[in-house]
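Engineer: Pasting in a structure now, in structure tokens, and then I'll have a few things to ask.
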Amino acid sequence: MRIGEIAHQAGVSTRALRYYEEQGLLTPERTASGQRTYPESAVERVRLIQQFFTAGLPSRTILQLLPCVDTGQASPKAFELLASERNRITAAMADLAAARDALDRMIDIANHPTPEHCPALREPAWAPYNPADATRTAPHPTAARDESATLITM
476 MRIGEIAHQA
486 GVSTRALRYY
496 EEQGLLTPER
506 TASGQRTYPE
516 SAVERVRLIQ
526 QFFTAGLPSR
536 TILQLLPCVD
546 TGQASPKAFE
556 LLASERNRIT
566 AAMADLAAAR
576 DALDRMIDIA
586 NHPTPEHCPA
596 LREPAWAPYN
606 PADATRTAPH
616 PTAARDESAT
626 LITM
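Sequential numbering from 476 applies to the sequence shown in the numbering used here.
Structure follows, in structure tokens:
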């Protein structure tokens with residue numbers, strides 16, 4: 476089968492197939508004129524590679540797992556590798572959750588500015604923040620919130 480046929484049947488681009496070849500995940504045969512040809516089994520292999528990518532595995536890890544797929548025998552090293560990748564993904568999720576929480580705090584500050592977080596609200600504007608000043612001076616007029624304002628979404 477030619478590269479376009481495999482790409483169509485597997486639901487990927489020809490560029491993806493070339494990338495898989497470059498990474499050592501897929502090895503086509505070559506015609507005398509240099510065109511790639513694949514066995515019909517390549518469709519299933521490409522779909523499996525896609526599943527590995529969907530699971531968050533990098534190509535270098537997939538490359539290490541494919542021999543187990545080819546032999547039908549999972550090694551203890553393959554299980555360790557999968558567990559390690561799961562731990563990496565879990566850590567990345569925790570980092571993303573922390574970033575989301577920090578962004579939520581920034582959104583709250585933006586919605587409810589105070590002189591502590593918004594230098595423009597200080598007297599004089601952009602003066603260094605002094606917590607003692609916050610109790611003695613009224614907030615800047617633009618800091619007043621209009622609770623009756625309605626948010627219109629499209």
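All residues carry an ideal CB built from backbone N, CA and C; glycine is no exception. Predicted model, so just to flag it, every value in this text is computed and none were measured.
Taking Cβ positions, are Pro538 and Gln498 nearer each other than 8 Å?
Structural biologist: Your numbering for residue 538 matches position 63 in the sequence shown. Your numbering for residue 498 matches position 23 in the sequence shown. Looking at the sequence shown, residue 538 is not Pro but Leu. The answer is yes: Cβ separation under 8 Å.
Engineer: Identify, in the order they occur along the chain, each residue of the same chain with its Cβ nearer than 7 Å to the Cβ of Arg594, setting aside the five sequence neighbours on each side.
Structural biologist: As a working note, residue 594 is residue 119 in the sequence shown. Note that residue 594 corresponds to Pro in the displayed sequence, not to Arg. Taken in chain order, the residues that qualify are Ala600 and Trp601.
Engineer: Among Arg477, Ile524 and Arg520, whose alpha-carbon lies nearest the alpha-carbon of Gly509?
Structural biologist: Here residue 509 is taken as the residue at index 34 of the sequence shown, counted from 1. The shortest Cα separation from Gly509 among Arg477, Ile524 and Arg520 belongs to Arg477.
Engineer: Just how far apart, CA to CA, sit Ile564 and Leu578?
Structural biologist: In the sequence shown, the residue the question calls residue 564 occupies position 89. In the sequence shown, the residue the question calls residue 578 occupies position 103. Those two C-alpha atoms are separated by around 21 Å.
Engineer: Measure the C-alpha to C-alpha separation of Cys543 and Asn586 and round it to an integer number of angstroms.
Structural biologist: By one-based count along the sequence shown, residue 543 stands at place 68. By one-based count along the sequence shown, residue 586 stands at place 111. In a straight line, the C-alpha of Cys543 is about 53 Å away from that of Asn586.
Engineer: Label Ala482 either buried or exposed according to how many other C-beta atoms from any shown protein chain fall within 10 Å of its C-beta, with 16 as the threshold for buried.
Structural biologist: Reading the sequence shown from its first residue, position 7 is the one you call residue 482. By the neighbour-count rule (16 or more Cβ atoms within 10 Å), Ala482 is buried.
Engineer: Run through DSSP, which three-state label would Thr512 get?
Structural biologist: Position 37 of the sequence shown, counted from the start, is the residue given in the question as residue 512. In this structure, Thr512 counts as strand in the three-state DSSP scheme.
Engineer: Tell me the start and end of each unbroken beta strand (DSSP E) in the region 511–567 that is at least 3 residues and wholly inside, in chain order.
Structural biologist: Complete beta strand (DSSP E) runs here, min 3: none at all.
Engineer: Please list, in chain order, all residues of the same chain as Glu515 whose beta carbon is under 7 Å from its beta carbon, the five residues on each side excluded.
Structural biologist: Locating residue 515 in the sequence shown gives position 40, where the first residue counts as 1. Around Glu515: Met476.
Engineer: Please report the straight-line C-alpha distance between Pro533 and Thr589, rounded to a whole angstrom.
Structural biologist: Along the sequence shown, one-based indexing puts residue 533 at 58. Along the sequence shown, one-based indexing puts residue 589 at 114. Using only the alpha carbons, I get a separation of about 44 Å.
Engineer: Does the region 515–524 touch the region 486–500, meaning 3 or more C-beta pairs lie closer than 8 Å?
Structural biologist: Taking 8 Å as the limit for Cβ pairs, the verdict is that the region 515–524 does touch the region 486–500.
Engineer: Does the distance from the C-beta atom of His592 to that of Ile582 stay below 8 Å?
Structural biologist: Taking the sequence shown and counting its residues from 1, one reaches residue 592 at position 117. Taking the sequence shown and counting its residues from 1, one reaches residue 582 at position 107. No, the pair does not count as a contact, with Cβ atoms beyond the cut-off.
Engineer: For the alpha helix (DSSP H) that Glu497 lies in, which residues bound it at each end?
Structural biologist: Within the sequence shown, the letter at position 22 stands for residue 497. Looking at the DSSP string, the run of the alpha helix (DSSP H) that includes Glu497 is Thr489 to Glu497.
Engineer: Suppose you measure from the CA of Gly486 to the CA of Arg580; what does that come to, to the nearest Å?
Structural biologist: Your numbering for residue 486 matches position 11 in the sequence shown. Your numbering for residue 580 matches position 105 in the sequence shown. Cα to Cα, Gly486 sits roughly 41 Å from Arg580.
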